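S.K.: My questions will all concern the structure given below.
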Amino acid sequence: MNTYSPILIKYDYIKSEPRTWLGHPQIIYILSGSLSVNVNNSTYRLEIDDLMLINAFDLYELSAKDCRIASFHIDLSKFNQQILSNPPYHFDCNSATRDNDDSLSTIKGYLAKLIKASISEAPEELLISYAHSYNLLHHLITHYQVQAQVKEPSNLKRMENIIAYIHQHYAVPLTLKDLSKTFYLSAPYLSKLFKETLGMNFKDYLNNLRLDKALETIGNTNQTIDFIATSNGFPNARSFSKLFQEKYGLLPSAYRQEKVTLLSNEPIASKSILPTEDQFTHHQYLGTLAQYLNTDTTPHQMDLVPNFYEIPATSTITRGHPLMHTYRKMTSIGRAKSILYGQNQAMLTTLQEEIGFQWIRFHGLLDDDMMLCSIDAAGELKLNFTYIDMVMDFLLTIKLKPFIELGFMPEALAAEKNRRIYNGQSIISLPNNFNLWQDLIKGLLIHLENRYGKDEVATWPFTLWNNPDSPIHMFGFRHMDNYCHLYRLTYNTVKKQNPAIAFGGPSVMTTTMEDGLWMTGFLAYCTTNACVPDFLSYNYYPVTHQNTLSEELQTTNNVTLRPSADAMKESIDKIIKTAKKQQWPVDQLYITEWNNSISHRELLNDTAFKAPYIVKNILENYDRVQSFTYWGLTDFIEEVQISNPLFHGGIGLFTYNGIKKAHYHALRLMTKLGDECLSQGTGYFITKKGQSYQVLLYNYHHFSSLYASGELFDMTPTNRYTPFIATNKLRIVLPLTDLVCSSVMITDTFINRQHGSPFDTWVALGALPLETKEETDYLKSISVPKITKEQVAVVDGMLTLSRTLEAHEVRLVEISVRE
């Protein structure tokens with residue numbers, strides 16, 4: 031959000047707000063719930079889609095029930111003062127008192143356009159914001175300006191002047207004694223005046239004002255906490271942090287790191303807890319306001335001049351650096367039982383034929399739907415490997431090895447049989463008998479080695495559990511020591527049976543790896559107990575966890591994404607730095623899950639956006655970790671209830687009926703890269719394979735901070751590109767030198783909204799449900815990347831490529847030498 035705009039937009043969850051003044055007008059718009067506003071001793075009740083303007087220095091008080099608002103703060107000082115002829119202005123604009131007032135819709139239209147303009151980070155968008163701000167102010171002046179009423183009693187007028195003075199001088203040292211001298215009042219009388227008119231003392235009012243001002247900028251600046259404190263009137267960072275934590279429940283540094291940029295589900299929480307996957311959804315609180323957008327006159331719909339990027343010349347005889355292609359090390363599917371389904375086997379077979387991975391990770395190998403474990407009447411452990419054999423047999427036939435995650439707990443061995451996740455199919459519990467648990471693991475290993483060979487099983491990595499570091503209502507244990515004990519017993523059982531097996535640490539959450547506290551404690555335990563893992567693993571999701579859950583998991587939660595376009599790179603940088611600082615004894619690091627969101631209803635998942643998202647993040651972090659395991663294969667996943675709409679924002683590379691999404695095609699294009707990288711940079715990656723060259727280009731656009739906050743605003747099921755503002759084409763000029771040939775054959779394969787994106791093709795076809803197999807097959811057949819070929823002469827060993835990419839496009843340019 032651009033803080034230089036004449037109108038600053040804020041989003042708040044309101045419970046109550048004590049009597050106060052603001053030194054500028056503000057418009058309050060109700061997004062959800064209801065709000066009672068008491069202004070100058072008159073009370074108004076506002077419901078969804080109502081708005082009200084509160085004038086500068088009007089004394090007001092708020093009380094609400096489950097109310098979310100957008101407030102638009104009008105800073106008249108940022109308008110051209112030569113144009114404003116009669117400030118200060120006073121307005122009567124209140125939908126509670128103006129039934130069927132068409133001009134209120136005009137105001138709502140300007141408010142919606144201000145939000146649309148504010149979500150772009152581009153400096154030129156400030157012009158659009160100014161234009162809408164002037165239009166809104168003009169409309170208010172011509173339709174709603176009234177004569178200011180005389181306020182009684184007289185001390186309110188006096189307090190207006192005092193409050194105005196405080197708002198002008200809050201950033202400098204200011205005491206009640208200073209204020210009393212300025213206004214020729216005694217300090218006791220002034221203190222009484224504050225208490226009677228505002229319901230709070232001077233110190234509390236000043237501190238709240240300073241905190242409010244600091245909160246406006248703390249998440250939007252790189253300045254130190256000490257600088258923010260002193261520039262907003264606090265004597266030092268310590269006093270600022272203390273007051274900030276008392277009011278908001280966390281320290282300023284933590285708020286900056288985990289800040290929900292715009293709409294959060296609740297006020298700032300005192301702690302961060304991760305909801306389960308099936309609870310993560312976006313919200314559309316701004317949807318009622320979005321309906322007032324007039325898209326025909328929205329400047330962002332215009333064609334924009336392409337961005338231009340001229341890449342330095344790359345010599346084809348330069349020795350590049352080798353590529354390991356670790357992004358193809360591992361793929362994933364939801365749960366072990368899912369591998370037995372025919373449609374999933376068909377998708378996995380296609381995946382292996384067209385891309386090819388070494389390992390596959392999945393949950394639930396020990397779950398009861400695999401029918402592995404039971405206890406007989408004598409209390410003896412009985413094991414049945416029928417389903418496990420079917421899973422392993424199939425995987426090996428398509429040359430895919432299992433990445434064994436030992437979990438979760440079979441009911442027969444569960445100490446807490448009612449702790450379940452994934453629609454109740456997985457039990458999250460310690461064993462009721464640790465000896466039987468060890469017998470289970472040993473029996474499983476012996477069977478696998480007898481069936482597939484000891485050397486083969488030694489090529490399968492093993493881990494224990496998924497996210498044991500997560501909260502107790504998810505996969506976590508009541509105490510870290512509980513997991514550590516289970517880990518040690520399991521590690522020793524596996525290593526005793528086959529020391530050659532690589533046994534790794536559990537897949538943990540992103541924040542666990544970044545801050546290092548849990549992992550450092552875990553590795554210290556492992557070092558002391560001689561069970562140090564052979565590798566570390568974690569699940570990367572660029573989400574922030576700002577919502578607090580009840581133990582019963584009844585709270586509705588909204589997905590909030592890290593707003594940075596480089597979140598993955600920044601995360602890996604941080605983890606590497608943490609590992610070095612904490613001196614972790616393990617240097618093998620696997621990403622065992624990753625996606626742009628943890629949500630199974632992330633509407634961008636179906637769009638062309640995901641193709642450059644996948645490409646950008648892999649290319650920028652190429653081979654920095656030992657695996658980049660995209661989660662997951664298909665939308666047909668039993669972690670959550672399957673959705674009826676085909677394009678519902680599922681996490682998969684395939685839709686649930688096997689249609690390849692845009693990012694599947696992007697991964698396939700990446701398999702054509704060579705084994706030697708000649709050059710790379712933002713938007714391009716150049717490799718070599720023998721006498722051929724591969725140039726992978728992408729035009730990535732990042733979603734807005736509003737979308738990152740979890741707010742859909744004007745997004746609809748068929749119009750999913752509204753989070754992207756000013757989506758320019760990208761023209762790239764790339765010279766290649768030292769070619770020893772007279773001509774080359776150039777093959778372009780590209781994915782964009784017109785080619786290779788089944789969602790966009792479906793929308794173009796009318797966005798109606800696919801009712802027959804023929805319709806599904808037709809969509810599959812036409813939702814493929816486009817290929818063009820041309821033969822080009824090489825002059826003096828130089829070839830200059832010039833390509834213009836659409837927004838959200840990925841393009842592979844293959845260059846084959848012709849003598």
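Heads up, the sequence shown is in the working numbering, so the first residue is 31 and it goes up one at a time. Glycine included, each C-beta is placed from N, C-alpha and C at the ideal position. Owing to the predicted nature of the structure, the values given are computational and were not obtained by experimental measurement.
Looking at the structure shown, is A530 part of a helix, part of a strand, or coil, going by DSSP?
M.R.: Stepping through the sequence shown from its first residue, residue 530 is reached at position 500. A530 falls in the coil class under three-state DSSP.
S.K.: Looking at the unbroken alpha helix (DSSP H) that takes in T493, where does it start and where does it end?
M.R.: Numbered from its first residue, the sequence shown carries residue 493 at position 463. Looking at the DSSP string, T493 is not in any alpha helix (DSSP H); the run it does join, the beta strand (DSSP E), is 492-494.
S.K.: Would you decide whether Y214 is buried or exposed? Buried here means 16 or more other CB atoms lie within 10 Å of its CB.
M.R.: Residue mapping note: residue 214 aligns to position 184 of the sequence shown, counting from 1. When all chains shown are included, Y214 counts as exposed.
S.K.: Below 7 angstroms CB to CB, which residues in the same chain sit around Q721 once its five sequence neighbours on both sides are set aside?
M.R.: One-based indexing of the sequence shown puts residue 721 at position 691. Answer for Q721: V847, listed in chain order.
S.K.: On the three-pair Cβ rule with 8 angstroms, is the stretch 128-146 touching the stretch 254-271?
M.R.: no
S.K.: Would you say G483 and E706 are within 8 angstroms of each other, going by their C-beta atoms?
M.R.: As a first step, residue 483 must be located in the sequence shown, where it is residue number 453. As a first step, residue 706 must be located in the sequence shown, where it is residue number 676. No, Cβ-Cβ distance for G483 and E706 is not below 8 angstroms.
S.K.: Going by DSSP, what residues sit across from P282 in a beta bridge?
M.R.: In the sequence shown, the residue the question calls residue 282 occupies position 252. According to DSSP, P282 shares a beta bridge with no other residue.
S.K.: Label L460 either buried or exposed according to how many other C-beta atoms from any shown protein chain fall within 10 Å of its C-beta, with 16 as the threshold for buried.
M.R.: Translated into positions along the sequence shown, residue 460 becomes position 430. By the C-beta density criterion, L460 is buried, having at least 16 other C-beta atoms within 10 angstroms.
S.K.: Near Q314, which residues of its chain fall below 6 angstroms by C-beta distance, leaving aside the five closest residues on each side in sequence?
M.R.: By 1-based counting over the sequence shown, the position of residue 314 is 284. L742.
S.K.: Enumerated in chain order, which unbroken segments of the alpha helix (DSSP H) with a length of 4 residues or greater are wholly contained in the stretch 64-110?
M.R.: none
S.K.: Could you give the first and the last residue of the continuous beta strand (DSSP E) run that contains L831?
M.R.: By one-based count along the sequence shown, residue 831 stands at place 801. Taken as a continuous stretch (DSSP letters only), the beta strand (DSSP E) holding L831 covers 829-835.
S.K.: Could you round the C-beta distance between W661 and W624 to whole angstroms and report it? I think they count as a contact, below 8 angstroms.
M.R.: Reading the sequence shown from its first residue, position 631 is the one you call residue 661. Reading the sequence shown from its first residue, position 594 is the one you call residue 624. The C-beta separation of W661 from W624 comes to about 6 angstroms, placing the pair in contact by the 8 angstroms criterion.
S.K.: CA-CA distance, P48 and L228?
M.R.: The count along the sequence shown starts at 1 and reaches residue 48 at position 18. The count along the sequence shown starts at 1 and reaches residue 228 at position 198. Straight-line Cα distance between these residues: approximately 7 angstroms.
S.K.: Once you ignore the five residues that flank P183 on each side, which residues in its own chain have a CB closer than 7 angstroms to its CB?
M.R.: Locating residue 183 in the sequence shown gives position 153, where the first residue counts as 1. Low confidence applies here, because P183 scores a pLDDT of 48, under 50, leaving its location unreliable; read the following figure in that light. Once the five neighbours on either side are set aside, P183 has no close Cβ partner at all.
S.K.: From what residue to what residue does the beta strand (DSSP E) around N635 run?
M.R.: Within the sequence shown, numbered from 1, the residue matching residue 635 stands at position 605. Run containing N635: none; DSSP gives neither H nor E here.
S.K.: Assuming the contact rule is C-beta atoms closer than 8 angstroms, L413 and L402 should be a hit. Round their C-beta distance to whole Å, please.
M.R.: Mapped onto the sequence shown, residue 413 falls at position 383. Mapped onto the sequence shown, residue 402 falls at position 372. Right, their Cβ atoms sit about 6 angstroms apart.
S.K.: How far does the beta strand (DSSP E) with E435 in it reach, from first residue to last?
M.R.: Within the sequence shown, residue 435 is the residue found at index 405, counting from 1. It spans 431-436 - the beta strand (DSSP E) in which E435 sits, taken as one unbroken run.
S.K.: Under the criterion of a Cβ to heavy atom distance below 7 angstroms, does I137 qualify as lining the ligand PLP?
M.R.: Looking at this structure, you won't find the ligand PLP or any other ligand, since it has none at all.
S.K.: Buried or exposed: P799, going by 16 or more other Cβ atoms within 10 Å of its Cβ?
M.R.: Translated into positions along the sequence shown, residue 799 becomes position 769. With fewer than 16 other Cβ atoms within 10 Å, it is exposed.
S.K.: Would M828 be called buried (16 or more neighbouring beta carbons within 10 Å of its own) or exposed?
M.R.: Here the question's residue 828 lines up with position 798 in the sequence shown. It is exposed - the Cβ of M828 has fewer than 16 other Cβ atoms within 10 Å.
S.K.: Kindly list the residues whose CB is nearer than 7 angstroms to the CB of E581, restricted to its own chain and excluding five residues on each side of it in sequence; keep chain order.
M.R.: Counting from one through the sequence shown, the residue named residue 581 turns up at place 551. The predicted model places E581 with a pLDDT of 29, which falls under 50 and marks its position as unreliable, so this point remains unresolved.
S.K.: Quick one: is R841 buried, meaning 16 or more other Cβ sit within 10 Å of its Cβ, or exposed?
M.R.: Here the question's residue 841 lines up with position 811 in the sequence shown. The residue in question, R841, is buried, as its Cβ has 16 or more Cβ neighbours within 10 Å.
S.K.: Straight-line CA distance for I667 to G682?
M.R.: The count along the sequence shown starts at 1 and reaches residue 667 at position 637. The count along the sequence shown starts at 1 and reaches residue 682 at position 652. If you take the alpha carbons of I667 and G682, they lie about 9 angstroms apart.
S.K.: Determine the burial state of Y219: buried for a count of at least 16 other Cβ atoms within 10 Å of its Cβ, exposed for fewer.
M.R.: Working through the sequence shown from its first residue, we reach residue 219 at position 189. By the 10 Å Cβ count, Y219 comes out exposed.
S.K.: How long is the line joining the alpha carbons of Q373 and L167, rounded to whole angstroms?
M.R.: Mapped onto the sequence shown, residue 373 falls at position 343. Mapped onto the sequence shown, residue 167 falls at position 137. In a straight line, the C-alpha of Q373 is about 59 angstroms away from that of L167.
S.K.: G263: buried (16+ other C-beta within 10 angstroms of its C-beta) or exposed?
M.R.: Counted from its first residue, the sequence shown places residue 263 at position 233. That one is buried.
S.K.: With a CB to CB cut of under 8 angstroms and the five nearest residues on each side skipped, what residues in its chain are close to I137?
M.R.: Taking the sequence shown and counting its residues from 1, one reaches residue 137 at position 107. Excluding residues within five positions, the ones whose Cβ falls inside 8 angstroms are I57, L81, C123, L166, H169, L170.
S.K.: Please work out which residues of its chain come closer than 8 angstroms, Cβ to Cβ, to Q382, disregarding the five sequence neighbours upstream and downstream, and give them in chain order.
M.R.: Taking the first residue of the sequence shown as position 1, residue 382 is located at position 352. I428, K429, L430.
S.K.: To the nearest angstrom, how far is it from the Cα of Q656 to the Cα of L619?
M.R.: As a working mapping, residue 656 is identified with position 626 in the sequence shown. As a working mapping, residue 619 is identified with position 589 in the sequence shown. Looking at the two C-alpha atoms, the distance is approximately 6 angstroms.
S.K.: Who are the near neighbours of Q584 in its chain, counting only those whose CB is closer than 8 angstroms to its CB and skipping five residues on each side?
M.R.: The count along the sequence shown starts at 1 and reaches residue 584 at position 554. At Q584, the pLDDT of 28 sits below 50, so the modelled position is not reliable and the matter cannot be decided from this model.
S.K.: Near A444, which residues of its chain fall below 6 angstroms by C-beta distance, leaving aside the five closest residues on each side in sequence?
M.R.: For the purposes of this step, residue 444 is taken as the residue at position 414 of the sequence shown. Result list for A444: I457, S459, in chain order.
S.K.: For L293, which of helix, strand or coil comes out of DSSP?
M.R.: For the purposes of this step, residue 293 is taken as the residue at position 263 of the sequence shown. Its pLDDT being 42, under 50, L293 is placed unreliably in this model, and the coordinates cannot settle the point.
S.K.: Whose C-beta lies closer than 6 angstroms to the C-beta of G195 among residues of the same chain, with five residues either side of it excluded?
M.R.: For the purposes of this step, residue 195 is taken as the residue at position 165 of the sequence shown. For clarity, residue 195 is Tyr in the given sequence; the question names Gly instead. So no residue of the chain qualifies.
S.K.: By the three-class DSSP mapping on this structure, what secondary structure does S709 have?
M.R.: As a working note, residue 709 is residue 679 in the sequence shown. DSSP places S709 in strand when its eight states are reduced to three.
S.K.: Would you say Y730 and K646 are within 8 angstroms of each other, going by their C-beta atoms?
M.R.: Position 700 of the sequence shown, counted from the first residue, corresponds to residue 730. Position 616 of the sequence shown, counted from the first residue, corresponds to residue 646. Yes, the Cβ-Cβ distance between Y730 and K646 is below 8 angstroms.
S.K.: Using a 10 Å radius around the Cβ and a threshold of 16 neighbouring Cβ atoms, would you call L134 buried or exposed?
M.R.: As a first step, residue 134 must be located in the sequence shown, where it is residue number 104. Counting every other CB atom within 10 Å of its CB across the protein chains shown gives L134 a total of 16 or more, marking it as buried.
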